[in-house]
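Visitor: Just dropping this structure here.
Numbering (this note's numbering), first residue to last: 8 to 929.
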């Protein structure tokens, strides 16, 4: 930072200004006076000398003419006495001829070339007179009217010029000093009128700066520029004072304004929360009100279509049921979107089998794909983990949405679901759905994931849809920590892929290797319809160690293509019979691929044409079982039989009694009819009070309890029933919440009301049977549980019950009898994997939130009931009851008892596991 310049007052500057102005004026006047004095001196000397020279020239004219030097000299002597004034005596007189010969001279002064000349037409300059100190006059000698005959020269000293100049300078100096004195006096007097107001203003400003006194005012003493400056300063002070008054007033009211603004903000916040709550209540209410009548529509349409109707009327009923399901799917999409936007979408982290997810989705959409003539298949890569942590419901929802869209927008070709490690990031699992459909223009891909948006209006009109599916799927994938990637080409199909992180993954699927007894690589021929299915079968056999050849089934039937000897012939069921008649099957093992209901199964089985029958869509579990049996040399009979034997007949709970508590007569009728279809006798109550009375009376095995009822709702009724059971020591009566609430507080109220599960309206008969099965399965024929038999969830002393319930486990064995035990081995394997993890979660939660204990115990109880592990289920149910009903915590002793019973149960299940799993476990 540069130093500040030294302070100089206005007074000093004014004095200097006057001194400079007067001095310059005196200097100018002195120069003028000196020039005037020199000019006057030169004029007077010229006049005197020129006149004298003319007189003297006339006096010597005769002597010059006769060149009489004596005569000339006498005349010169007389001239010597001439006096020019002020020391101006003649110092030299000379007469000479025209040719320069001196005739006579008088005086001793040296004649200089630089002598000032006043003769002729020129006057000597001041500088010349000062330099030469002499003045010279040359005058021609002539007679009047005649030509010059000689020259006369006079020389005089110029000493008088210097004296005159000095006098002039002295006078000018005296005048200048007098002028400066007068100027200073005037300046000193005038500066007060200029500096005094300025100094006064400066003092006022200094006081304002130091004391912050903005009420100070400077005096305005003159009406000039300084006066204007003082006036502007005073106006500025006035503005500052007004500003301070306003600021003080603003500060005085600021707190009040803040309170008012805070109040306004609070009101706006409450209004926004109220609006959000109103929106949630509206969605919950509308969902409930829509689902309630839809419950009657869907269930009655399902019952009607299953009844004894003519084909056309049955078709009408099926259309009603499918349309209702489509409407329900749209409602679910809107509710899911609202949950995601509200941040209330929860994602579970439980073990998930990716291959099982693929099989589940394909089984749901196979009929639609078959009706459109599309090939639907799933390829699960060998590096896919057997299990990983995820949300199976949300994962199936996303995959199902992608497969559904692919089928919707594909008119011919195939839809292929591929699962494997993400090639860009092996720490993530990639799910990709590719199709050969209409494709998507590149500039339209970005809008695919916007809610209520499709590629264009023509797409909406032709294919339908709300545009919500992909928006919800994207947000669900992001909630699972994944991301989407879409590639497409208009007219050639699309690939919708997403990848999710692999958390706590199990080992990759163990694929058996094909036997090679003679040292050669075994050969498998794949000849099936559909590029996707053929690719899946070929890739799986290749992963098992086979050399694979793909053939066109049409060529095999026509005989155009030679069929070499092979180890495995995986062919279309429709072409195997002609090949068998022609003796061209020539394979060690023949696997037929059929379509459900095409009539070829019985012919192939009765004729012994095929060693195994598989149905579309190919399931990963069945392909794995096929490879395992081929590798071990086991029989392929009954492979895939479980799926072929599956029918739409619902399970039966003959002789069981269920109470339906619902205030809607339509809902009661629907539930009664659906229960009758399952062989269940129904009793009804119109409100919660009636349900409590019937439960007090006894005689029912389970209650289907509506949540919203007048007088007493279902949740309060459930709490009273639980209190009655605790008071009288009764066995726990299973209560299933039957509600149309899927969002809002009522959707989760069942978890705190002591209920054992929830069934959402509208429900299907299959969903109803699934909800009833954990509590009623395996006890047909009894009207109610015997008093000595523990209800589900009640503990039973070890030794008084078998480890595995014979009825439940026997039913599982019966279901698995048609496929050689593959289904039972799969269920047992899942239980062996998941049950210890659930027990570990229960043990880890001993010091945590009691609700975590209840959740872990409930998970172990549910899976144990499903497989018939009654001891483990009873002990786990007792732990859940201890937390949720008794309000106590689970202790280490209860967990130790559970672990003992679980270890014994796992040992009892070990013989039913697949050999490769037993080997890997060992």
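Even for Gly, the Cβ is constructed at its ideal location relative to N, Cα and C. Here the structure is a predicted model, which is why all the values come from computation and not from measurement.
#1: In this structure, how does DSSP classify residue 147 when only helix, strand and coil are distinguished?
#2: For residue 574, which option in 857, 549, 160 has the closest C-alpha, if you only look at C-alpha atoms?
#3: Tell me the rounded alpha-carbon separation between residue 670 and residue 701.
#4: Just curious, the beta strand (DSSP E) that residue 540 is in, first and last residue?
#5: Verify whether the separation of the beta carbon atoms of residue 909 and residue 624 is less than 9 Å.
#6: Report, in whole angstroms, the separation of the C-beta atoms of residue 599 and residue 617, which I expect to be a contact under 8 Å.
#7: Given residue 435, which residues of its chain have a CB within under 8 Å of its CB, disregarding the five upstream and five downstream residues?
#8: Please name the residue or residues paired with residue 99 in a DSSP beta bridge.
#9: In angstroms with no decimal places, state the Cα-to-Cα distance between residue 860 and residue 882.
#10: Between the C-alpha atoms of residue 553 and residue 449, what's the straight-line distance to the nearest angstrom?
#11: Between residue 757 and residue 706, how many whole angstroms is the CB-CB distance? I'm expecting something under 8 Å.
#12: Just the Cα atoms here: how many angstroms apart are residue 52 and residue 29?
#13: Quick one: any contact between the stretch 492-505 and the stretch 520-539, if contact means 3 or more CB pairs under 8 Å?
#14: Can you give the Cα-Cα distance for residue 205 and residue 31, rounded to whole angstroms?
#15: According to the neighbour-count rule (16 or more other Cβ atoms, all chains shown, within 10 Å of its Cβ), is residue 865 buried or exposed?
#16: With a Cβ-Cβ cutoff of 9 Å, do residue 556 and residue 530 count as a contact?
#17: Over what stretch of residues does the alpha helix (DSSP H) that includes residue 414 continue unbroken?
#18: Restricting to Cα atoms, I'd like to know which of 373, 688, 96 is closest to residue 143.
#19: Look at the alpha carbon of residue 704 and the alpha carbon of residue 762, and state the distance between them as a whole number of angstroms.
#20: Beta-carbon separation of residue 658 and residue 708 under 9 Å?
#21: Kindly indicate which residue of 141, 72, 207 has the alpha-carbon position closest to the one of residue 98.
#22: How would you label residue 725, buried or exposed, when you count the other beta carbons within 10 angstroms and need 16 or more for buried?
#23: Is residue 82 closer than 9 Å to residue 66 when the C-beta atoms are compared?
#24: Tell me the rounded alpha-carbon separation between residue 676 and residue 668.
#25: Indicate whether residue 33 and residue 180 have their beta-carbon atoms separated by less than 9 Å.
#26: Going by C-alpha distance, which of 423, 360, 768, 439 is nearest residue 372?
#27: Going by C-alpha to C-alpha distance, which of 688, 158, 35 sits closest to residue 79?
#28: Rounded to the nearest angstrom, what separates residue 443 and residue 784 at their Cα positions?
#29: Which residue's Cα is closest to the Cα of residue 100: 253, 400, 59?
#30: Going by the beta-carbon positions, is the gap between residue 849 and residue 867 smaller than 9 Å?
#31: Put residue 518 into one of helix, strand or coil per three-state DSSP.
#32: What is the residue span of the beta strand (DSSP E) that residue 669 lies within?
#33: Residue 436 lies in the beta strand (DSSP E); which residues open and close that run?
#34: Given that a residue counts as buried once 16 or more other Cβ atoms are within 10 Å of its Cβ, and exposed if not, what is residue 492?
#35: Please list the terminal residues of the continuous alpha helix (DSSP H) segment that includes residue 912.
#36: Quick check: what's the CA-CA separation for residue 570 versus residue 410?
Guide: This is what the structure holds:
#1: Residue 147 sits in a strand when the DSSP states are folded into three classes.
#2: Out of 857, 549, 160, 549 has the C-alpha closest to the C-alpha of residue 574.
#3: Each residue's CA atom was taken as its position, placing residue 670 and residue 701 some 15 Å apart.
#4: Premise fails: residue 540 lies in the alpha helix (DSSP H), 538-550, not in any beta strand (DSSP E).
#5: No.
#6: At roughly 4 Å, the Cβ-Cβ gap stays under 8 Å, so residue 599 and residue 617 are in contact.
#7: Excluding five sequence positions before and after residue 435, the CB atoms of its chain that fall closer than 8 Å to its own CB belong to 428, 429, 489, 506, 507, 508, 509, given in chain order.
#8: DSSP lists 162 as partners of residue 99.
#9: The C-alpha of residue 882 is placed about 13 Å away from the C-alpha of residue 860.
#10: Roughly 40 Å between the two C-alpha positions.
#11: Not really, about 24 Å apart at Cβ, beyond 8 Å.
#12: For residue 52 and residue 29, the distance between alpha carbons rounds to 35 Å.
#13: Touching, no, given that fewer than three Cβ pairs across the two stretches are closer than 8 Å.
#14: The alpha-carbon of residue 205 is positioned some 29 Å away from that of residue 31.
#15: Residue 865 comes out buried.
#16: Yes, they are a contact pair.
#17: In this chain, the alpha helix (DSSP H) harbouring residue 414 covers 399-415.
#18: Minimum Cα distance to residue 143 is reached at 96.
#19: Each residue's Cα considered, the two are about 19 Å apart.
#20: No, they are not a contact pair.
#21: Looking at 141, 72, 207, the one whose alpha-carbon comes closest to that of residue 98 is 141.
#22: Buried, because 16 or more other Cβ atoms sit within 10 Å of the Cβ of residue 725.
#23: Contact flag set, yes.
#24: Their Cα atoms are separated by approximately 11 Å.
#25: Judged by beta-carbon spacing, residue 180 lies within the 9 Å limit of residue 33, meaning their Cβ atoms are closer than that value.
#26: Just measuring C-alpha positions, the residue of 423, 360, 768, 439 sitting nearest residue 372 is 423.
#27: Out of 688, 158, 35, 158 has the C-alpha closest to the C-alpha of residue 79.
#28: Rounded to the nearest angstrom, the two C-alpha atoms are 44 Å apart.
#29: Selected option, being the one with the closest Cα: 59.
#30: Taking 9 Å as the cut-off, the Cβ atoms of residue 849 and residue 867 count as close.
#31: Note: residue 518 maps to coil in three-state DSSP.
#32: Taken as a continuous stretch (DSSP letters only), residue 669 belongs to no beta strand (DSSP E), as it is neither H nor E.
#33: 432-442 is the extent of the beta strand (DSSP E) around residue 436.
#34: Exposed, by the Cβ-count rule.
#35: Taken as a continuous stretch (DSSP letters only), the alpha helix (DSSP H) holding residue 912 covers 899-916.
#36: Residue 570 and residue 410 have their C-alpha atoms spaced approximately 35 Å apart.
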